[in-house]
Structures are given as C-alpha cells and as structure tokens.
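If you read the protein sequences in the order shown, they are chains V and S. Taking UniProt numbering, the leading residue of the first sequence gets 1, the next gets one more, and so forth. Taking UniProt numbering, the leading residue of the second sequence gets 1, the next gets one more, and so forth. Cβ atoms here follow ideal geometry from the backbone N, Cα and C, with glycine treated the same way. In this text the structure is predicted, and so the values were computed from the model without any measurement. Heads up, the thing below is written out as structure tokens.
Protein chains: 2
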Amino acid sequence: MQSQLILQNLAESIRLDPVETDFFLSLLQGQKLRRREYLLQAGEVCRYQSFVVSGCLKVSYLDPAGSEHVVKFAPENWWAFDLESFALQSGAFYSIQATEDTEVLKVSRANMDLLLDRVPQFEKFNRLMYQTAYIALQRRVTQNLASKADERYQQFQAKYPGLQNRIAQKDIASYLGVTPEFLSSMRRREMLMHF
Amino acid sequence: MQSQLILQNLAESIRLDPVETDFFLSLLQGQKLRRREYLLQAGEVCRYQSFVVSGCLKVSYLDPAGSEHVVKFAPENWWAFDLESFALQSGAFYSIQATEDTEVLKVSRANMDLLLDRVPQFEKFNRLMYQTAYIALQRRVTQNLASKADERYQQFQAKYPGLQNRIAQKDIASYLGVTPEFLSSMRRREMLMHF
DNA sequence: CCCAATTCTTAATCTACCTTAAGAGTTTAC
DNA sequence: GTAAACTCTTAAGGTAGATTAAGAATTGGG
C-alpha cells in the first residue's frame with residue numbers, strides 16, 4: 001500500500017508516534033477507481049473519508065434543472081468526502097467521481113470513531129478539517145461574489161497548478177460557473193494576449 | 001436581563017438542568033447598540049459570541065475595491081459572530097453592525113471555554129453551531145450558483161420573514177449580490193405582476 | 001425646523017455571459 | 001475499425017444585471 005503520501009499529509013497538522021501510526025495504517029482501506037467511476041453518488045450515505053494517492057476526483061451536484069456544478073477537485077494529496085453526510089450519516093448532497101483512473105486510501109466512519117477514541121490527536125485533526133473546510137468555502141463565496149470569470153480562472157490555476165491540462169474543459173467551466181463556450185472564448189482571448 | 005429568548009434558543013439543541021442554566025446566565029453580558037454602531041470591526045479579534053434579543057445586526061465585508069457585501073442578517077433570536085476569528089482569535093474578516101437599535105447578550109471566549117469545561121453539553125452546542133454554519137454556507141453557495149436574482153429575493157423573504165420592511169434596500173441588494181438600482185426595478189416588476 | 005447627506009427610483013446605455021447552432025476533433029462501444 | 005457519442009471551438013444574437021446620471025424621498029445633525 002502506497003502510504004508515504006498520506007502520512008506526510010497527516011504530519012502537516014498532527015504528530016503521531018510509531019504505534020499510533022501503525023494503528024492508523026491498519027484502519028486504512030485501498031480502492032481503485034476507473035475514469036468516470038463514482039466513489040459516492042448523491043443520495044447515498046457517505047461512509048468513508050477518502051484520500052487521493054494518485055489520479056483525480058471531482059465533487060459535484062446536480063441542480064433541480066439537471067445541470068452539474070463542480071464544487072471541488074481532489075488530485076493527489078487531497079481529501080474528498082461529503083462532510084455533512086459523513087458526520088450525520090445522512091443522504092449525500094454531492095457526488096464524487098473519478099476524472100481519471102484513481103487510487104484512494106479511505107477510512108470508514110466506524111474506524112474514524114475508533115481513531116478518535118484511541119488517538120486523541122485525531123480530535124484535533126478532525127476539528128481542523130471542519131475549520132479548514134468552512135474557511136475554504138467562505139473564501140470561495142467571497143471570490144465568487146467579488147470577481148469575474150477571468151479572475152476566477154486565474155485563481156483556479158493558482159489553486160490547482162497543472163490541473164487545467166488533466167481535466168475536461170467542461171468540468172473546469174462548471175467549476176468556474178460559466179458555460180464551456182464562454183470558457184473557450186476566454187482561453188482564446190488569453191492566448192491572443194500573449195502575442 | 002431579558003433571558004427568556006436565549007434559553008429558549010438553547011433548548012432547541014441541548015437540555016440544561018437548573019444549576020447549569022444559572023451558571024450559563026451568570027456568564028452572559030448585555031450590550032446595547034445604537035443604529036449604525038459596530039459590534040465588531042473587520043481586523044479586530046472577535047472576543048464575543050453574541051445573541052440578538054431585539055433589533056437586528058448585519059454581517060458584511062468590504063472587498064478590495066471598497067464595496068460592501070452583506071453575508072447574513074441577524075434579527076431577534078439569531079447568533080452573530082465571526083466564527084473563524086472567535087475560534088482562532090485571529091483578525092476578523094467580517095464586520096458586524098446594527099441596522100437598528102439593538103440589544104444583545106454575549107459570551108466572551110474565556111467564558112465559553114469555562115462553559116465547555118464545566119458543562120459538557122456545550123461541546124455539542126458548539127459542534128452543532130459549526131456544522132450548521134457550514135451547512136448554511138453550503139446552501140447559500142448552491143443557491144447563488146443555481147438561481148437568478150429574483151429567485152434569491154424570494155429565498156431571502158422566506159428566510160427572513162418581514163425583514164424586508166426593516167432593512168435598507170441597499171443592504172438587501174448587497175445581500176442578494178445585485179445593485180440597489182436593479183433591486184428597485186425587480187420590486188417594481190414584482191408589484192406590477194400583482195395586477 | 002431646516003439644510004445637508006443619504007437613500008430610493010427611473011431611465012438610457014453598456015457589457016459579461018448565455019443560448020443556439022453547426023462543424024471539427026476525440027473517445028467509446030461494438 | 002468504424003459508427004455513434006461525446007467534447008471542443010467559433011460565431012451570431014439575446015438577456016440579466018451593471019453603470020451612469022439625475023431627480024424625488026427620507027433621514028439626521030445642529
């Protein structure tokens with residue numbers, strides 16, 4: 001199991017001793033997804049918290065009119081799950097789908113409860129996770145209200161360097177909140193400006 | 001001190017015995033604000049979690065271009081504070097200002113820590129607060145991406161019944177993310193439709 | 001109570017972004 | 001390996017909402 005990356009990721013917020021580290025690793029499950037396969041479908045209960053080892057996921061929802069809105073991408077070293085559904089074990093609002101062949105390491109809700117019980121450090125990890133999610137969401141709201149599509153495209157490129165070449169244009173357009181046609185014309189204008 | 005309303009509000013999520021209730025009440029501070037007075041200015045540390053007993057507050061931020069964006073109103077029976085600033089004791093992103101003469105009951109950060117220590121129920125109250133804030137924010141993002149200004153106006157009216165007559169049009173416009181001029185023309189169209 | 005400042009409305013003009021359509025390029029399925 | 005199904009681009013025309021400006025209504029300070 002490819003576990004270097006996830007330990008590195010944990011080390012950014014908490015410190016574990018070798019016994020705790022082994023205990024944590026013993027609770028992980030691996031899963032491989034093919035391009036387009038779903039990790040979670042809206043309406044299901046989100047039973048796992050997943051960490052992307054390789055590949056990329058997209059988190060999105062369908063509005064009542066049936067069009068998709070991408071709210072987040074999760075390439076390597078990102079976590080992806082429906083926080084609300086995982087916490088309350090209620091029906092998920094979001095779907096999570098692989099945009100390329102993807103490998104994840106996941107922790108079930110039951111195992112996370114075990115971890116929280118036995119390794120107090122994970123309380124902190126969890127609290128930070130909620131806080132970070134809230135703050136990130138807040139930033140996105142701010143940015144969306146305050147900036148135009150071309151600025152949001154710049155911000156997307158800064159947040160996910162290199163991802164623009166791995167992801168379908170239509171998904172990027174959806175993330176930015178514009179139509180694929182408009183993104184296309186924005187990209188053309190941007191290219192022309194470099195001459 | 002007008003404490004009926006706040007006890008009622010707590011009872012919606014947790015149950016306290018008489019001793020705990022008295023302890024909680026002993027930690028509250030009252031404050032009166034005149035119309036236009038600030039409860040919190042962006043940049044300050046948010047030291048209190050405030051509950052509105054009467055009147056109304058607005059939570060807003062100034063974008064780099066200097067224009068105001070209202071993110072939330074807090075009339076009677078609502079809580080208002082900058083969650084991130086209160087939790088981390090960092091500089092606040094939002095300002096909180098009274099839109100009419102307002103009375104609040106507030107709990108300082110230090111007293112909240114005391115409460116969390118002595119009345120375990122408040123852990124739950126706090127967790128629910130975070131969760132609710134996250135979910136509410138998520139809903140707003142969803143709605144803003146998925147609906148037009150006139151639908152958002154309907155949603156505003158449903159969320160804050162009667163508030164449209166107490167709040168300045170320009171603040172409602174800012175909350176909806178449109179200009180006051182556009183809100184004005186929307187209202188006119190809406191009135192004409194009723195004939 | 002009055003003058004100044006702020007807020008609200010109306011209307012004309014302007015722009016970012018959408019819609020529709022159609023052709024070219026790329027994947028997928030059998 | 002080829003047809004079917006997506007995806008991306010270009011372009012024309014349309015619309016929600018911004019901007020500017022100016023007058024009317026309301027509010028506030030002295």
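Chain V contact residues for residue i, given Cβ-Cβ distances below 8 Å
i	result
Gln-138 (chain S)	Glu-84, Phe-93, Leu-137
Val-141 (chain S)	Val-71, Leu-137, Arg-140, Val-141, Asn-144
Tyr-134 (chain S)	Leu-83, Glu-84, Tyr-130, Ala-133, Tyr-134, Leu-137
Residue j beta carbon less than 7 Å from that of residue i
i	j	result
Leu-145 (chain V)	Gly-177 (chain S)	yes
Gln-97 (chain S)	Tyr-48 (chain S)	no
His-69 (chain S)	Ser-174 (chain S)	yes
Ser-95 (chain S)	Cys-46 (chain S)	no
Ala-74 (chain V)	Ala-80 (chain V)	yes
Ile-167 (chain S)	Thr-102 (chain S)	no
Gln-8 (chain V)	Lys-106 (chain V)	no
Asn-77 (chain S)	Leu-163 (chain S)	no
Val-119 (chain V)	Glu-20 (chain V)	yes
Val-141 (chain S)	Gln-31 (chain S)	no
Tyr-160 (chain S)	Tyr-134 (chain V)	no
Asp-150 (chain V)	Lys-58 (chain V)	no
Residue i in three-state terms, based on DSSP
i	result
residue 196 (chain S)	With chain S represented from 1 up to 195, any question about residue 196 (chain S) goes unanswered, as that position is not in the structure.
Tyr-153 (chain V)	helix
Lys-148 (chain V)	coil
Thr-142 (chain V)	helix
Ile-172 (chain V)	helix
Pro-161 (chain V)	coil
Arg-166 (chain S)	coil
Residue i: contacting residues in chain S (beta-carbon distance under 7 Å)
i	result
Asp-150 (chain V)	Here the premise fails: no neighbours, minimum Cβ distance about 16 Å.
Cross-chain neighbours of residue i in chain S, by beta carbon under 9 Å
i	result
Leu-114 (chain V)	Neighbours of Leu-114 (chain V) on chain S: none; closest Cβ ~19 Å, over 9 Å.
Under 9 Å by beta carbon: chain V residues contacting residue i
i	result
Phe-145 (chain S)	It is worth fixing the name first, because residue 145 (chain S) is Leu in this sequence and not Phe. Simply Asp-63, His-69, Val-71, Asn-144, Gly-177.
Gln-131 (chain S)	Leu-83, Glu-84, Ala-87, Leu-88, Tyr-130
Close beta carbons around residue i, own chain, < 7 Å, minus the five adjacent residues each side
i	result
Ile-14 (chain S)	Gln-121, Lys-124, Phe-125
Thr-179 (chain S)	Ala-173
Asn-111 (chain V)	Leu-27
Leu-25 (chain S)	Ser-3
Arg-36 (chain V)	Gln-97, Ala-98
residue 197 (chain V)	Since the first residue shown for chain V is 1 and the last is 195, residue 197 (chain V) is missing from the structure and cannot be characterised.
Within chain S, partners of residue i - CB distance below 8 Å
i	result
Ala-110 (chain V)	Result: empty, since nearest Cβ-Cβ is about 19 Å, beyond 8 Å.
Proximal residues to residue i (C-beta, below 6 Å), its chain only, five neighbours per side dropped
i	result
Gln-2 (chain V)	Val-53
Leu-16 (chain S)	none
Arg-152 (chain S)	Leu-176
Glu-44 (chain V)	Ala-92
Gln-89 (chain S)	Val-45
Distance cut-off 6 Å: residue i Cβ against heavy atoms of the ligand PLP
i	result
Ser-60 (chain S)	Looking for the ligand PLP in the displayed structure turns up nothing, as the structure carries no ligands at all.
Residues of its chain near residue i, where Cβ-Cβ distance is below 8 Å and the 5 sequence neighbours each way are ignored
i	result
Tyr-61 (chain V)	Ala-42, Glu-68, His-69, Val-71, Phe-93, Tyr-94, Ser-95
Cys-56 (chain S)	Phe-73, Ala-74, Pro-75, Glu-76, Ala-98, Thr-99, Glu-100, Thr-102, Leu-163, Arg-166, Ile-167
What residue ranges within the UniProt domain "Cyclic nucleotide-binding" (6–134) of chain S form continuous alpha helix (DSSP H) runs of no fewer than 4 residues, ordered along the chain? 18–26, 83–88, 109–118, all fully within the UniProt domain "Cyclic nucleotide-binding" (6–134) of chain S.
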